[in-house]
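Those protein sequences? They're chains L and A, same order as listed. Each residue of the first sequence is one higher than the one before, counting from 4 in the working numbering. Each residue of the second sequence is one higher than the one before, counting from 4 in the working numbering. The C-beta atom is built at its ideal place from N, Cα and C for all residues, glycine as well.
Protein chains: 2
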Amino acid sequence: MSITPAPRAYQVVLESIEADLRSGKLAIGDQLPGERALAEQHQISRASVRDAIRVLDVLGLVRTSTGSGPNSGAVIISNPSAGISHALRMHLAAKGINVREIVESRILMETWAAQMNPRNQAHAQQVIDRTAVLIMRMDDPQLSRDAFHRIDAEFHVLLASMAGNSVVETMMESLRNSISQYVSESIPDDESWQPIVRVLRRQHKAIHHAFATNQRERAAQLLEEHITWFYSQTR
Amino acid sequence: MSITPAPRAYQVVLESIEADLRSGKLAIGDQLPGERALAEQHQISRASVRDAIRVLDVLGLVRTSTGSGPNSGAVIISNPSAGISHALRMHLAAKGINVREIVESRILMETWAAQMNPRNQAHAQQVIDRTAVLIMRMDDPQLSRDAFHRIDAEFHVLLASMAGNSVVETMMESLRNSISQYVSESIPDDESWQPIVRVLRRQHKAIHHAFATNQRERAAQLLEEHITWFYSQTR
DNA sequence: TTTCAAAGTGTGGTCTGACCATACTATGTG
DNA sequence: CACATAGTATGGTCAGACCACACTTTGAAA
């Protein structure tokens, strides 16, 4: 009794690749064997191999391109936020997750990252410099709403990166990505947007100042207020 | 100039389904149209439709099964941790993420969840009761290592669920899943396992007691020590 | 009328084989 | 030596087929 429930063909390929990654036989930057070669290796059809590659693609583990040469085919990368953003976004659409939970999680991670002792001082200083540039760019009155949101996202992710934890950074980025459509939809008209953006600029500057003067707890507190306030403005 | 860079065929299907989810035209529990029907709707081949369904499957958004009837085909579910676990696990294998970062994130979320005021008192009480049962089951000396780890994972996820934030709960579950293979490999022999498991049992009981007596800060502190200690024993 | 085995139907899973656009590689020509 | 040209391997897409499976319908036996 209790036979193994017939693993999907593509899962075999996935497991094989995962094992090669763990053992170091495959590493970031390497090319995967061609789809036709993998099909023969595992004695399955190219269609099933393609399933596996497609999964890796969506998960942000490979980048595929046509043509030949060292840059073609499926190349291993590691872009964790791609896969996680996808997942969060879809589950948000399906109402398996709600906005409150995402905002709450953002606050959790951003305030944590703000209070962490940076693992890398040089990087922390670099973040402070780069966020200053972003703040200036967000001052441009010509900036479109979408462009503002993009820079704003970059601002927050950059700050979170100070903690030196790529899981947290990835989650931050994914949460921000997954919710961006919601944000755009919930503040439809420019009249209501103008006063909001003025407050956001002021808050960003205060946050940056707290970081630059090493007032980490204050930075965390300002971040929380900033995020909470902004989402109170949507709908 | 600057033509749209030819979206992949499967992405069209994905976007269409995402839009239907947002608009409520599709909801959890619904069946997706059949692959052949979707292919005709979008004027693409069934192979491309399958790509899209495969992605949704891996992301934990649909469950597929063969046969006919109301339970067959692709049915919309929402199991966010499936997709996120997949992603984290692969990126861990590819060394795009390291164990320290995962442990750090676990501590962040578990201690946060422990200190949160439960949104739902009844659920919190239920969690306390159910974790008590899990603790008893982990006392069984006959328990295999794998079984112990499974129950242990359930214990931690259950505690995290008290906060009533499915993103955090999902992340917890995913982090725990993604790292389980690492844990199993890093403590190979049973001789070194026996003393460890005794300490773990004691720690679990202390954590449970802190929750049961509503000492939330203490629970958080014990959790942090528990997790930190355990990972100091691996490798 | 009721029961229930058998045939029917629609589902995803897999395979084969083909063609395309692309991007690099090798070749041959001036 | 420079450079246009032909060659080759890649992933992307398609069409059409067959399978195992799970439910539905049918129809004959009780």
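Query raised in the report: The alpha helix (DSSP H) with A116 (chain L) in it runs from where to where?
Result: V102 to Q118
**Report entry** Neighbour-count burial assignment, G76 (chain L), 16 or more Cβ in a 10 Å radius
**Finding:** Result: buried.
Query raised in the report: Just curious, the alpha helix (DSSP H) that G86 (chain A) is in, first and last residue?
Result: P83 to A96
Query raised in the report: Could you give the distance in angstroms between the alpha-carbon of M119 (chain A) and the alpha-carbon of R133 (chain A)?
Result: 19 Å
Query raised in the report: Looking at L95 (chain L) and S81 (chain L), is the spacing between their C-beta atoms short of 9 Å?
Result: no
Query raised in the report: Between which two residues does the beta strand (DSSP E) carrying I79 (chain L) extend?
Result: G76 to I79
Query - Per DSSP, cross-strand counterpart(s) of R66 (chain L) - result: L:V78
Report task. Mind checking which residues open and close the alpha helix (DSSP H) that includes L17 (chain L)? Result -> A12 to S26
**Report entry** Touch test, the stretch 200-210 of chain L against the stretch 182-192 of chain L, Cβ-Cβ under 8 Å, three pairs minimum
**Finding:** no
Query - Own chain partners of I154 (chain L) with C-beta closer than 7 Å, once the 5 adjacent residues on each side are dropped - result: L137, R140 and M141
Query raised in the report: Between the stretch 108-118 of chain L and the stretch 29-42 of chain A, do at least 3 Cβ pairs fall closer than 8 Å?
Result: no
Query raised in the report: If you drop the 5 nearest sequence neighbours on each side, which residues of the same chain put their C-beta closer than 8 Å to that of R221 (chain A)?
Result: A213
Query raised in the report: What's the C-alpha gap between A127 (chain L) and S169 (chain L)?
Result: 14 Å
Requested in this report: Please name the residue or residues paired with Q34 (chain L) in a DSSP beta bridge.
Outcome: L:V78
Query raised in the report: Do the stretch 19-27 of chain L and the stretch 12-23 of chain A meet, that is, are 3 or more Cβ pairs less than 8 Å apart?
Result: no
Query - Close-in-space but distant-in-sequence residues of the same chain around F151 (chain L) (CB under 7 Å, 5 per side omitted) - result: Only M141 and V200 meet the Cβ criterion.
Requested in this report: Please list the residues of the stretch 46-64 of chain A that have a C-beta atom closer than 8 Å to any C-beta atom in chain L, keeping them in chain order.
Outcome: Residues of the stretch 46-64 of chain A with a Cβ closer than 8 Å to any Cβ of chain L, in chain order: A50, R53, D54, R57, V58, L59, V61, L62, G63 and L64.
Query raised in the report: If you count every other CB in all the chains shown that lies within 10 Å of the CB of A53 (chain A), and 16 or more means buried, which is it?
Result: In the sequence under discussion, the amino acid at residue 53 (chain A) is Arg, which differs from the Ala named in the question. If you draw a 10 Å sphere on the C-beta of R53 (chain A), you find 16 or more other C-beta atoms in it, and that means buried.
Query raised in the report: When the cut-off is 9 Å and only beta carbons count, does L226 (chain L) lie next to chain A?
Result: no
Query raised in the report: Taking DSSP as the reference, what is the three-state secondary structure of D142 (chain L)?
Result: coil
**Report entry** Proximity test, Cβ basis, 9 Å: T231 (chain A) and chain L
**Finding:** no
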